[in-house]
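Everything in the sequence shown is counted per full-length UniProt numbering, starting at 1 for the first residue and increasing by one. Here is the structure we will look at, set down as structure tokens.
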Amino acid sequence: MLKMLVQIKDRLRYTKAHKKTLRKLRPFPGGTWDKKSPQIKDLKSHIKKILLFNQGEKCAYCSQPFNITSGAEIEHIAPKGGAVYPRHTEFTFTAHNLVLACHLCNSPVKKGRKDTIISKNINYRNCTFNIVHPYFDNVYDHYKLTLDDTLSGIIYKPITNKAKNTIDIFDLNNEAHVTARGEQSVAKQLKTHDVSKSRELLLAAIQDYK
1 MLKMLVQIKD RLRYTKAHKK TLRKLRPFPG GTWDKKSPQI KDLKSHIKKI LLFNQGEKCA
61 YCSQPFNITS GAEIEHIAPK GGAVYPRHTE FTFTAHNLVL ACHLCNSPVK KGRKDTIISK
121 NINYRNCTFN IVHPYFDNVY DHYKLTLDDT LSGIIYKPIT NKAKNTIDIF DLNNEAHVTA
181 RGEQSVAKQL KTHDVSKSRE LLLAAIQDYK
């Protein structure tokens with residue numbers, strides 16, 4: 001059965017020591033994330049470890065297990081920018097703004113510095129986003145699954161504008177993603193079925209979400 005990643009239920013939590021470090025780093029000027037200090041390295045290590053567990057070792061956007069398309073990278077949902085072009089730096093270490101994404105989704109040539117916030121609020125939860133938010137949105141309200149034109153892979157079909165934006169920004173229906181979804185869905189079944197059954201198996205996988 002193909003598993004699409006449902007919204008992440010558990011958020012990242014910091015230890016007392018990490019909270020102390022964050023208080024010293026505030027107000028998080030541009031470039032803070034990219035510093036090479038031991039404290040920043042320790043924070044990043046903690047963040048990655050917790051997010052791997054919370055996300056079931058799957059990408060927050062394409063839902064593929066890490067290392068299927070590429071490895072895990074820490075992603076800022078609202079872009080933080082850098083020292084030269086800072087963006088939403090106040091959310092650099094906000095728990096709900098941090099997820100793990102595969103490099104295929106997190107590539108600079110895709111999202112890059114594109115803004116994901118339509119309406120900003122000092123309270124992160126009250127910001128309005130133009131993409132399907134991994135913590136705040138249920139993917140089933142925004143996507144449905146269907147076969148691609150070659151009948152050999154599975155694509156995300158948008159139901160909402162947020163879904164369309166997410167698919168476009170992260171290129172979720174590129175060949176690598178589509179093929180990986182199809183292979184993941186039928187790999188086990190094909191061991192006991194004739195290859196000619198692959199289309200039926202893909203359709204059956206999609207039916208699981210109806």
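Idealized CB from N, CA, C, for every residue including glycine.
In DSSP terms, what residue i is bridged to
| i | result |
| --- | --- |
| Ile159 | Its beta-bridge partners do not exist; DSSP assigns none. |
| Glu73 | Ala101 |
| Tyr143 | Pro158 |
| Pro86 | Gly81 |
| Pro65 | Lys58 |
Residue i vs residue j beta-carbon contact at 9 Å
| i | j | result |
| --- | --- | --- |
| Tyr61 | Leu172 | yes |
| Asn54 | Ile117 | no |
| Gly71 | Gly30 | no |
| Lys111 | Phe170 | yes |
| Asn126 | Asn165 | no |
| Trp33 | His103 | no |
| Thr92 | Lys80 | yes |
Of the residues the options, the one placed nearest residue i, counting alpha carbons only
| i | options | result |
| --- | --- | --- |
| Asp141 | Lys157, Glu175, Asp10 | Lys157 |
| residue 211 | Leu12, Ile68, Asp168 | Residue 211 is absent from the structure shown; the chain starts at 1 and stops at 210. |
| Tyr143 | Phe136, Gly153, Ala78, Ile167 | Ile167 |
| Ile74 | His88, Ile122, Asn106, Gly56 | Asn106 |
Residue i - DSSP class collapsed to helix/strand/coil
| i | result |
| --- | --- |
| Phe93 | coil |
| Lys35 | coil |
| Lys20 | helix |
| Phe170 | helix |
| Ser45 | helix |
| Phe53 | helix |
| Lys164 | helix |
| Thr15 | coil |
| Ile117 | strand |
| Asp10 | coil |
Pair every Cβ in the region 11-26 with every Cβ in the region 34-49, then say whether three or more of these pairs are closer than 8 Å.
yes
For the pair the region 91-104 and the region 157-168, tell me if three or more CB-CB distances fall below 8 Å.
no
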